[in-house]
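Undergrad:
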Amino acid sequence: MKSFRKEFWLNLPTRVAFVNITRQVQECVRESAVTEGMALVNSMHITASVFINDDESGLHHDYATWLEKLAPHAPIQQYRHNDTGEDNADAHMKRQVMGREVVVAISAGKLDFGPWEQIFYGEFDGRRKKRVLVKIIGE
Amino acid sequence: MKSFRKEFWLNLPTRVAFVNITRQVQECVRESAVTEGMALVNSMHITASVFINDDESGLHHDYATWLEKLAPHAPIQQYRHNDTGEDNADAHMKRQVMGREVVVAISAGKLDFGPWEQIFYGEFDGRRKKRVLVKIIGE
Amino acid sequence: MKSFRKEFWLNLPTRVAFVNITRQVQECVRESAVTEGMALVNSMHITASVFINDDESGLHHDYATWLEKLAPHAPIQQYRHNDTGEDNADAHMKRQVMGREVVVAISAGKLDFGPWEQIFYGEFDGRRKKRVLVKIIGE
């Protein structure tokens, strides 16, 4: 069994943002030399997500609006977590809706994807450095 | 390490539907001859889910109603994604709540499940052909 | 390839509760003797979650409040699932928001975590015995 591990950093200028990281993950698959296996891609931070969906800017706008409705940022005093001095309780909720991680099949040396699947990093408390982990196992 | 891959197709007659696919996944485990490992089951499409829950029709009705409340289909103009000519922005949201994939342990050659766990395909933009991927690795 | 499997039981005195199970999972990783691989941790029950987030009591209070807003327990007659004699339809929904499982990288014999990542069992229909499964594969 082969295994491979790589972290990469992001530092996004806005509180909420979506970044397509498919190319970085594909590069990891290539470097790993795994042809049959699984790739785990996860945020190492608890106010961010990794998820798979469409690379369409209108949709990303809709996600941001919808998540803000499900878990509003303000007023920040509505959350007990923010009594600790944080203002990011809403980000911990948004991240649960969108998920922490994806597991993707690797087949014939490639991410085994349907036609529209793309991997995104979802930031809900940006303006600071954060990491994504790619772990690959297989043969 | 053994690996196994299979796709299967669904074409559901309604926009929203839930289909129990446990038997198909069990058959994949048998075909794979993996006795200890993991099975990844994911939708290859971004407006559908694979998830694990109860095979109870009342619950599925409740899921459909609840998801419609969290992310309403209409009016379709409320979503910027639908400016592209699509009408399925809500389906991209419903899929995030229910999840893209499940990872299931394989132990002693079987899906290692609790008493009520069943695997479902959740469709949120049906009336077209879509695929589910089963990828198994182990020994 | 090595594989490892362990179940452990919980019996929580309240309907909704969050329990940090990171230590138990770490102990499984140690017992497995896997140094490079993946750990799957999942609820074996369909009204409970396993998820990764912060060990902060204010946040857990916020999660409980927020999930109750997204999928209220009462009135129980609003759910068709409860026509079966159950009163836990809401728990099946809360569990979908928070997720069934996590997959965690194992690197150098340890859970490969960011600074704040902790694994939680999320109970949404407690006051009964339930199981969590830890499955580890790797080398």
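Going down the list, the protein sequences come from chains A, B and C.
Using this note's numbering, count along the first sequence one by one with no gaps and you end on 139.
Using this note's numbering, count along the second sequence one by one with no gaps and you end on 278.
Using this note's numbering, count along the third sequence one by one with no gaps and you end on 417.
Just so you know, even glycine gets a beta-carbon here, dropped at the ideal spot from N, CA and C.
Keep in mind it's a predicted model, so treat the numbers as computed, not measured.
#1: On the three-state DSSP scale, how would you describe C/L290?
#2: By the criterion of Cβ-Cβ separation under 7 Å, what are the contact partners of A/A71 in chain C?
#3: Show which residues of chain B have a CB atom less than 8 Å away from the CB atom of A/V97.
#4: Got a sec? Which residues, its chain only, sit under 7 Å from C/G315 by beta carbon, not counting five neighbours each side?
#5: Which full runs of the alpha helix (DSSP H) of 4+ residues lie inside the region 180-212 of chain B, going along the chain?
#6: Of all the options A/A39, A/T65 and A/R5, which has the alpha carbon lying nearest to the alpha carbon of A/K110?
#7: Out of B/E256, B/R234, B/T223 and B/D251, which one is the CA nearest neighbour of B/N181?
#8: Using a Cβ-Cβ cut-off of 6 Å (strictly less than) and excluding sequence neighbours within five positions of A/M7, which residues of its own chain qualify?
#9: When you compare the CB of C/D390 with every CB in chain B, is at least one pair closer than 8 Å?
#10: Am I right that C/T313 and C/A386 are in contact with their C-beta atoms under 8 Å? What's the rounded C-beta distance?
#11: Which residue spans inside the region 346-391 of chain C form an unbroken alpha helix (DSSP H) run of at least 4?
#12: Any idea if C/E401 is buried or exposed, counting beta-carbon neighbours within 10 angstroms, 16 or more meaning buried?
#13: Does any CB atom of chain C fall closer than 8 Å to the CB of A/L40?
#14: Is C/M279 close to chain A? Criterion is C-beta to C-beta, closer than 8 Å.
#15: Using only alpha-carbon positions, find the residue among A/M1, A/T65 and A/T84 that is nearest to C/R339.
#16: Pick from A/G126, A/R127 and A/M98: whose alpha carbon is nearest that of B/I185?
#17: Could you name the residues of chain C that B/H231 contacts, counting a contact when the two beta carbons are closer than 8 Å?
#18: Please list the partners that A/D83 has in chain C, where partner means a Cβ-to-Cβ separation under 9 Å.
#19: My understanding is that C/A367 touches C/N360, with C-beta atoms under 8 Å, so please give their C-beta distance in whole angstroms.
#20: Are the beta-carbon atoms of C/V294 and C/A342 separated by less than 8 Å?
#21: Leaving out five residues before and five after C/V380 in sequence, what residues of the same chain have Cβ atoms less than 7 Å from its Cβ?
TA: Inspection of the coordinates gives the following:
#1: coil
#2: Going along chain C in sequence order, the residues near A/A71 (Cβ under 7 Å) are W344.
#3: Q235 and V236
#4: Cβ within range, chain order: I384, I414, I415, G416 and E417.
#5: 196-209
#6: It is A/A39.
#7: B/R234
#8: It is worth fixing the name first, because residue 7 of chain A is Glu in this sequence and not Met. Excluding residues within five positions, the ones whose Cβ falls inside 6 Å are R131 and L133.
#9: For C/D390, the answer is no, since every Cβ of chain B falls outside 8 Å of its Cβ.
#10: That belief holds up - the Cβ atoms of C/T313 and C/A386 are roughly 6 Å apart, short of 8 Å.
#11: Fully enclosed alpha helix (DSSP H) runs of 4 or longer: 367-376.
#12: buried
#13: yes
#14: yes
#15: Residue 339 of chain C is actually His in this sequence, not Arg. Minimum Cα distance to C/H339 is reached at A/T84.
#16: For B/I185, the closest C-alpha among the options A/G126, A/R127 and A/M98 is that of A/M98.
#17: Near B/H231 there are no residues of chain C at all, since even the closest Cβ is about 16 Å away, more than 8 Å.
#18: G336
#19: 5 Å
#20: yes
#21: V319, V328, F329, I330 and I397
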